[in-house]
Amino acid sequence: MVAACLPREGLRPLAGWLLLLSVGSVAAGRIEDQTEQFFRSGHTNNWAVLVCTSRFWFNYRHVANTLSVYRSVKRLGIPDSHIVLMLADDMACNPRNPKPATVFSHKNMELNVYGDDVEVDYRSYEVTVENFLRVLTGRIPSSTPRSKRLLSDDRSNILIYMTGHGGNGFLKFQDSEEITNIELADAFEQMWQKRRYNELLFIIDTCQGASMYERFYSPNIMALASSQVGEDSLSHQPDPAIGVHLMDRYTFYVLEFLEEINPASQTNMNDLFQVCPRSLCVSTPGHRTDLFQRDPKNVLITDFFGSVRKVEITTETISLQPDLEITESSYKKDRMDEELMEPLKYAEQLPVAQIIHQKPKLKDWHPPGGFILGLWALIIMVFFKTYGIKHMKFIF
Amino acid sequence: MAAPGVAATDLEVVRGKRAALFFAAVAILLGLPLWWKTTETYRAPLPYSQISGLNALQLRLMVPVTVVFTRESVPLDDQEKLPFTVVQEREIPLKYKMKIKCLFQKAYRRALEHEEAALSLGSMKEAEAMLAKSQKQAEGSLTVYVISEHSSLLPQDMMSYIGPERTAVVRGIMHREALNIVGHQVIQVAQAMSLTEDVLAAALSDHLPEDKWSSDKRRPLKSSLGYEITFSLLNPDPKSHDVHWDIEGAVQRYVQPFLSALSAVGNFSVDSQILYYAVLGVNPRFDPASSSYYLAAHSLPHVINPVESRLGSSAASLYPVLNFLLYVPELAHSPLYIQDKDGAPVATNAFHSPRWGGIMIYNVDPTAYNASELPVRVEVEMVRVMEVFLAQLRLLFGIAQPQMPPKCLFSGPKSEGLTTWELDQLLWARSVENLATATTTLTSLAQLLGKISNIVIKDDVASEVYSAVAAVQKAAEELASGHLASAFIASQEAVTSSERAFFDPSLLHLLYFPDDQKFAIYIPLFLPMAVPILLSLVKIFLETRKSWKKPEKID
């Protein structure tokens, strides 16, 4: 009896210690988790591909959508060199725009998202399905400039935002062609095979947008859409002065959500999924996370919308021997060079002075050319045919 | 008259049947295969079996080591055994699908006269100078000299010495097992100078499954054919500071020698610029204790982004760009220090970001403000700046501080900042990385071609794939025989060819036709032709069956 009781009594403080230890280790583990969380995404750079697939004045809202996302992404830190912006870009200078050189996203013209530092990489008729797929897969002709390329690597997180008119399984590009969800899924698979992304966030704001992400099969993709299959995505508010709808509802509320994010915030993806419930958006936004390896609540918004770098303090230096004599002599040489050089001026380009003050040259007279002669001959022939040759005597 | 009419109709019917059968035969036997063949996507033949064989490739990296014994370094009977060669293998335990084995081929021999003379000199520097004159060593190879136990060339407590060129010195021992002990020491020294697990793990960090966050720290630049290095001077306050820097001279004196030492790794191009009114994105805080401003460690990641858009790195070239920024803080925020996690100011006042570049903050000497009025002329001390930038460049390339074996004296780097065997280490790492990348690209291409049936492979793409496969195999052979320079070149060719094949614009030739679109195209063409043929075939078949059954009935 005693022997049976003793272990139980001995076990109780032991159990107490064990519990304390495990709680302690769990707490320590949680603290460590939170610090590790900052580094958990494993990406070193961020890219964004923002595509507006519509043109013409009445699709103003799609351009405003894309430009607003562009502004947020730039504000949160992704530089222009890492953003590929594809826009038809025919809104700001459209003859029907009552306020030229502006694109507004809020009514009463509160916010001009066009601004003066928009860098559009593919504009107007360059926004085609082929160019879009070339940008994604990297199969670009070698003459393309660097700003038009998606130079991502296997540690890049890419945000892809598409807006326009869509249907069940396709997205219309500029009223002339379509991209199907299978093509998009294949393009992402080609990106995955070449490890052109670490994680990908795909956001689409079109009618029946959820159909576009149904066919994805590559890992590490998270997708959000503004409406389910069979539903239409609706626009937010018209502006009576401009005369068209300015933004779509889903993007409008996503933007309001993003306005509260700053580069250091810890908001995660679950909050983004809650944006724009059915009461506000009328359509039901959807999302797909089964291909994504991390839990969405561990994914920070700034993992995709912002650009936070990993930095390391430099603690080591190497030792160099300063060449003092050479320093002085080169310093002197520079000074001498500066004094000796002539004052700088522009190279001679056009001899404008000569051209302006030139007297007008007397042109040599040339007899009328064949066309003029032929025309006059025709006119005279017709005249005499009509009125008869006897009228010649009145001329001569 | 009915009979000939009936006979005529019979003949017609038979003819009709035969005609229908011939139509059907032509359509099915000739037409269907022709249509199938002509609508196939063109695929030039690719060496799929060789590509899948590349995955199982076993990389054997051979380091040829020449071990030179002087007199009295080892017992006489061991000296009798010289010269001979021993190969020691070590498997590198990495979780990578390609098995990597490290082979040290030790060629033991006796010292020649001039080597004996050189090693009996007083100091290490003289000895090295004399030895260097005699021979030039190929990349990847090492020479280890074994001196006697009591030699004064090394300090008493040091057992070995690693020099800046590809030479090392090890103390011999008078012992029965001398050769084994010396051999073991030689391996230790050779490993420190050539291949360690860390070097290869850093090279393959993108391909290993995953400790993403532990290998986060050391993320060297990806292997590329060339690099673009940009030095930028940021002056946010030109009204107070008139900053001058002799960047051309500094590049010529300090950076160019370093880059020419690294020239085997790729083409480098250097440019520089000065940016005015460029501010950092973070407001520094004031520290009353030291009456200076500081940037905390956790705000450093936000510094780079606002500046990057103004650096113009995208216009430079298609090569990866490394940016080195020198920031002279404004008068209102001077002096500015960087604090590390514990709150202590960093000695170098600089930080770097993997695969991007580095930033150093240069504080103007406060005595310069006394005499003159604003703007103050600031002449940047390029030596101090270049020491930090070159150290950052080394770290960005993944050239870590060498791990010395115990009791080993290290001579320190050469004046260029890079020892020759560190360059060899970089070449080993790059060769392995290139081979891994090329193999992954070729395997991905083969997998893609299997999954997506609409990709066209033209003949020139196929020839690139063949040359890539051949280059990978050649690189593996050269690595196994210890020729590092040619192995590196072959691995670069492999990567270039495989990338060119994978990213050829013609692979996107055919957009996808989903099944319903295919039906929509073919039905209007084939249905009008197929329906009469099929119906007549059905009719013929039914009539033939009826005529078989009829004789039975009559009988």
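Sequences listed follow chains C and P, in order. Counted the way the numbering used here counts, the first sequence spans residues 1 to 396. Counted the way the numbering used here counts, the second sequence spans residues 397 to 951. Virtual Cβ for every residue (Gly too), placed ideally from N, Cα, C.
Check	Outcome
Under 7 Å Cβ to Cβ from ALA528 of chain P, same chain only, skipping five residues before and after it: list those, please.	GLU561
What is the rounded straight-line gap between the Cα of LEU550 of chain P and the Cα of TYR557 of chain P?	7 Å
If you follow the beta strand (DSSP E) that ALA871 of chain P is part of, which residue opens it and which one closes it?	No beta strand (DSSP E) holds ALA871 of chain P; the alpha helix (DSSP H) holding it covers 855–877.
What residues from chain C crowd round PRO731 of chain P, counting only those whose CB sits closer than 8 Å?	Within 8 Å Cβ-Cβ: nothing; PRO731 of chain P doesn't reach chain C, min ~18 Å.
Establish whether the CB of GLU231 of chain C and some CB of chain P are separated by less than 7 Å.	no
Starting from the Cα of SER902 of chain P, find the closest Cα among P:ALA858, P:GLU812, P:SER537, P:LYS810 and give me that residue.	P:ALA858
Please list, in chain order, the residues of the segment 235–260 of chain C that have any C-beta partner in chain P closer than 8 Å.	none
Is the number of C-beta pairs between the segment 173–191 of chain C and the segment 65–84 of chain C that are closer than 8 Å three or more?	no
Nearest-angstrom Cα distance between LEU373 of chain C and MET91 of chain C?	50 Å
Within the segment 621–650 of chain P, note down every full alpha helix (DSSP H) run reaching 4 residues or more, in order along the chain.	643–646
Count the other C-beta atoms from every protein chain shown that fall within 10 angstroms of the C-beta of GLU812 of chain P, then say buried if there are 16 or more, exposed otherwise.	buried
Nearest chain P C-beta to GLN354 of chain C closer than 7 Å, yes or no?	no
In whole angstroms, give me the CA-to-CA distance for PRO98 of chain C and HIS698 of chain P.	39 Å
When you compare each of P:TYR689, P:LEU417, P:GLY449, P:GLY427 to VAL868 of chain P by their alpha carbons, which one comes out closest?	P:GLY449
Within 7 Å (strictly less), CB to CB, does TYR161 of chain C reach chain P?	no
Output, in sequence order along the chain, the residues in the segment 715–748 of chain P whose CB is closer than 8 Å to any CB in chain C.	ILE734, ASP736, VAL742, ALA743, THR744, ALA746, PHE747, HIS748
Please list, in chain order, the chain P residues whose beta carbon lies closer than 7 Å to that of GLN193 of chain C.	SER840, GLN843, LEU844
Could you confirm whether any beta carbon from chain C is found closer than 7 Å to the beta carbon of ALA787 of chain P?	yes
Taking C-beta to C-beta, are LEU600 of chain P and ALA832 of chain P nearer than 7 Å?	yes
If you draw a straight line from the alpha carbon of MET555 of chain P to that of HIS748 of chain P, how long is it in whole angstroms?	36 Å
At the 7 Å Cβ level, is SER705 of chain P part of the contact set with chain C, yes or no?	yes
Smallest Cα separation from VAL464 of chain P: which of P:VAL422, P:ILE757, P:GLU512?	P:GLU512
Just to confirm my understanding: we take PRO771 of chain P, look at its own chain, exclude 5 residues before and 5 after, and list those with CB closer than 7 Å. What are they?	PRO634, LYS635, SER636, HIS637, ASP638
Which bits of chain C does ILE700 of chain P rub up against, with CB to CB less than 7 Å?	ARG309
Specify, as a first and last residue, the run of the alpha helix (DSSP H) that ASN157 of chain C falls within.	It is not in any alpha helix (DSSP H) - ASN157 of chain C instead sits in the beta strand (DSSP E) that spans 156–163.
Would ARG486 of chain P count as contacting chain C if we go by Cβ distances under 7 Å?	no
Taking the alpha-carbon positions, what's the GLY536 of chain P to VAL459 of chain P distance?	6 Å
Within the 7 Å Cβ cut-off, does VAL784 of chain P reach chain C?	yes
Please return the same chain residues whose Cβ sits closer than 6 Å to the Cβ of VAL742 of chain P, not counting the five positions on each side in sequence.	ILE734, ASP736
Just to make sure I have the definition right: I need the residues of chain C whose C-beta is within less than 7 Å of the C-beta of TYR650 of chain P. Which are they?	LEU320
Going by alpha carbons, who is nearest to LYS521 of chain P out of P:ALA564, P:ASN830, P:SER544?	P:ALA564
Could you tell me which residues DSSP pairs with GLY167 of chain C in its beta bridges?	C:PHE170
PHE480 of chain P bridges to which residues according to DSSP?	P:TYR504
Could you tell me which whole beta strand (DSSP E) segments of length 3 or greater appear in the segment 767–838 of chain P?	772–775, 804–806
Between which two residues does the alpha helix (DSSP H) harbouring LEU515 of chain P extend?	509–515
Report the CB separation of ARG288 of chain C from TYR213 of chain C in whole angstroms; it is logged as a contact under 8 Å.	5 Å
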